[in-house]
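A short write-up of the structure that comes next.
Number of protein chains: 2
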Amino acid sequence: MRIAIVVYDGMTALDAVGPYDILNRLPDTEVSTVGVGAGPKRAEGGLGVVAAQDLSAVTAADVVLVPGGGKLGAVMRSERLHEWLRDRHATAAWTASVCTGALVLGAAGLLDGRRVTTHWRAREHLARFGATFVDERVVVDGSLVTGGGVTAGIDLALTLARLLHGDDIARAVQLSAHYDPQPPFPPVHPDAAAEETLVIVRDRLGPR
Amino acid sequence: MRIAIVVYDGMTALDAVGPYDILNRLPDTEVSTVGVGAGPKRAEGGLGVVAAQDLSAVTAADVVLVPGGGKLGAVMRSERLHEWLRDRHATAAWTASVCTGALVLGAAGLLDGRRVTTHWRAREHLARFGATFVDERVVVDGSLVTGGGVTAGIDLALTLARLLHGDDIARAVQLSAHYDPQPPFPPVHPDAAAEETLVIVRDRLGPR
């Protein structure tokens, strides 16, 4: 089983590394990173994450996953990346995105007519790719699996673990990753969040 | 505010990157990576994560965080790292670990007499550093903040966000990171896990 995670300048590192470390626990599975050009990419905040291979070296994968980022920039315009995503999607068992990685799949033409989720701040952008936003943490539509923002990558990866290997293995992966989340605040749906919280998110927080 | 996250060969990347991406959202905060030698480190599974600076370049930090890994190897024996951790701990507002990163703090002599948590599979190792295991997701004891395994780094980082900036900012960071976790299986305490699940964790799963 081969899983390829796309990494690029400006991505949110956790979008990629959450799934990486969950999927890396699966038996008989090789998880690797791929980029437009091999070598270090500069994620949000400046963190260097290495693309182990250039796109050209990955000619088949069972799962392809695209993380998101706050400023997608070049990956929304890279015809080379989009063609590679279309080619891999054609034969992959699952094509996945986390957060605004869905918009990259959209730019590649893979979301037309599909049910999709993304980071709550990016919901309104899905329509221009012909996708219908679904307000769920993880959405499976055919061979397309999309997750909400950032931390949703962990739930998405466990969903993939279940789809690939069944409940017993996925349950063990969840335990192995000690995934018994305890957010300090009761999670609030973005539509129900206090205006002052939304203002802080918009005006005071990174990523920079 | 300066936050330094130690990265090293063999670490679990998510232990470092979960906190990185949460803390990177804080206002007026610089989060960077530091290692025994600058440059790419090879996390479990082979993922390359770059140490932006050598230890010698980070002579003060408000927060120091050490991720864990399945095979700690060199970081348990690095006198240079241990001395650096002791020096930073002496003036840092918070010294933190995720998962088996606690054992690295222990090797540096920072856990004696402290209340500490770690990955459930590493619980029994804390006693040899003079620490008392506390069966909680995140434990704050003085200026020491320790988290459970792997995914606990997100809860730990949000706890740090709250300690550093208060509830309003931390709540906004949680929303910004879309942290409304929905594990596919109801979390089970390791002591209550089915024997067959524990056998899978021990014998069939990575990280490799």
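Heads up: the protein sequence lines correspond to chains A and B, in order. Taken in order, the first sequence gives residues 1 to 208; the numbers are from the working numbering. Taken in order, the second sequence gives residues 1001 to 1208; the numbers are from the working numbering. The beta-carbon is built from N, C-alpha and C at its ideal position, and this holds for glycine as well.
Does any CB atom of chain E fall closer than 7 Å to the CB of residue i?
i, result
"residue 1204 of chain B", "Among the chains of the structure shown, chain E does not appear; the protein chains present are A and B."
Just mark residue i as buried or exposed, buried being the case when its beta carbon has 16 or more other beta carbons within 10 Å.
i, result
"residue 1189 of chain B", "exposed"
"residue 149 of chain A", "buried"
"residue 1171 of chain B", "buried"
"residue 187 of chain A", "exposed"
"residue 124 of chain A", "exposed"
Can you name the start and end residues of the alpha helix (DSSP H) that residue i belongs to?
i, result
"residue 1083 of chain B", "1079-1091"
"residue 1168 of chain B", "1167-1176"
"residue 26 of chain A", "That residue, residue 26 of chain A, is in no alpha helix (DSSP H); it is neither H nor E in DSSP."
From which residue to which residue does the beta strand (DSSP E) around residue i run?
i, result
"residue 1126 of chain B", "Unbroken run through residue 1126 of chain B: none, as it is neither H nor E."
"residue 1002 of chain B", "1002-1006"
"residue 147 of chain A", "144-147"
"residue 1199 of chain B", "Run containing residue 1199 of chain B: none in the beta strand (DSSP E); it sits in the alpha helix (DSSP H), 1195-1203."
"residue 1180 of chain B", "Note, residue 1180 of chain B: premise wrong, no beta strand (DSSP E); not H, not E."
"residue 139 of chain A", "138-141"
Give the straight-line distance between the Cα atoms of residue i and residue j, rounded to the nearest whole angstrom.
i, j, result
"residue 179 of chain A", "residue 12 of chain A", "21 Å"
"residue 1164 of chain B", "residue 1001 of chain B", "9 Å"
"residue 1158 of chain B", "residue 1181 of chain B", "13 Å"
"residue 1103 of chain B", "residue 1202 of chain B", "20 Å"
"residue 1081 of chain B", "residue 110 of chain A", "47 Å"
"residue 134 of chain A", "residue 107 of chain A", "18 Å"
"residue 160 of chain A", "residue 136 of chain A", "15 Å"
"residue 1091 of chain B", "residue 1040 of chain B", "28 Å"
"residue 3 of chain A", "residue 1175 of chain B", "29 Å"
"residue 130 of chain A", "residue 22 of chain A", "30 Å"
"residue 1017 of chain B", "residue 20 of chain A", "11 Å"
"residue 35 of chain A", "residue 1151 of chain B", "25 Å"
Confirm the yes/no value for this check: CB of residue i, any heavy atom of the ligand MN, distance under 6 Å.
i, result
"residue 169 of chain A", "The model on display carries no ligand, and the ligand MN is accordingly not part of it."
Discussion item. Pairs of beta-carbons, one from the region 188-203 of chain A and one from the region 1049-1059 of chain B, closer than 8 Å: are there three or more?
Written reply: no
Worksheet item: How about the region 4-22 of chain A and the region 57-69 of chain A: do they share at least three Cβ pairs that are nearer than 8 Å?
Response: yes
Practice prompt. Please determine if the region 93-102 of chain A and the region 136-146 of chain A are in contact, where contact requires at least 3 C-beta pairs separated by less than 8 Å.
Written response: yes
Discussion item. I'd like to know if the region 1080-1089 of chain B and the region 1022-1032 of chain B are in contact, where contact means that at least 3 CB-CB pairs between them fall below 8 Å.
Written reply: no
Worksheet entry | beta strand (DSSP E) runs wholly inside the region 1029-1079 of chain B, at least 3 long, in chain order | 1030-1035, 1039-1042, 1048-1051 and 1063-1066
Worksheet item: Mind pulling the beta strand (DSSP E) runs of 3 or more residues that sit fully within the region 1092-1121 of chain B?
Response: 1094-1098
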